[in-house]
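K.L.:
This is the structure, below, for whatever I ask next.
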Amino acid sequence: MKFAIALLSVCGLACSAAHAETIPLEKVKEKAATCAACHGADGNSDTPAQSAYPRLAGQYHDYIARALHEYKSGERKNPIMAGMAAPLSEAEIDALARYFAAMPGKLDDLAKHEQGN
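Going by the working numbering, the letters in the sequence shown line up with residues 3 to 119, in that order.
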């Protein structure tokens, strides 16, 4: 019984923390505008160097959120992304991740790529 109560308490805290702050869509779009310079206005970077500026549109939201957390913590090393992620709150990271995940992605295959590109 004690375990069940403790588990409910932890779940309640986690759920309330996850939904504690909702970012209005206009604010999310403002934050996402900064991302557009490298990742494209629609989240589909069309630069030849896809590895430098990956597509965010259609990506799993949890992957985007994890990447932003790793840039913020320094676990992923990229000075530009570290600077972009540093000021983001937990709610902003979640909102941006969900925003880009909901965008239609442009899938690509390797038919037009040569090894090393």
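Glycine included, every Cβ here is placed at the ideal spot set by N, Cα and C.
Alpha carbons only, please: which of 93, 107, 102, 98 is nearest the one belonging to residue 24?
P.N.:
Checking every option, the nearest Cα to that of residue 24 belongs to 93.
K.L.:
Residue 95 and residue 58 - do their beta-carbons sit closer together than 8 Å?
P.N.:
It is not a contact, given that the beta carbons lie outside the stated cut-off.
K.L.:
Quick check on DSSP: helix, strand or coil for residue 68?
P.N.:
Reduced to three states, the DSSP call for residue 68 is helix.
K.L.:
In its own chain, which residues sit with a C-beta less than 7 Å from the C-beta of residue 88, not counting the 5 before and 5 after it?
P.N.:
Taken in chain order, the residues that qualify are 74.
K.L.:
Can you name the start and end residues of the alpha helix (DSSP H) that residue 85 belongs to?
P.N.:
Here the alpha helix (DSSP H) through residue 85 covers 81-87.
K.L.:
Would you tell me roughly how many angstroms separate the C-alpha atoms of residue 61 and residue 55, rounded to the nearest one?
P.N.:
Spanning the two alpha carbons is a distance of roughly 13 Å.
K.L.:
Along the alpha helix (DSSP H) that carries residue 36, what are the first and last residues, could you check?
P.N.:
Segment 27-41, the alpha helix (DSSP H) holding residue 36.
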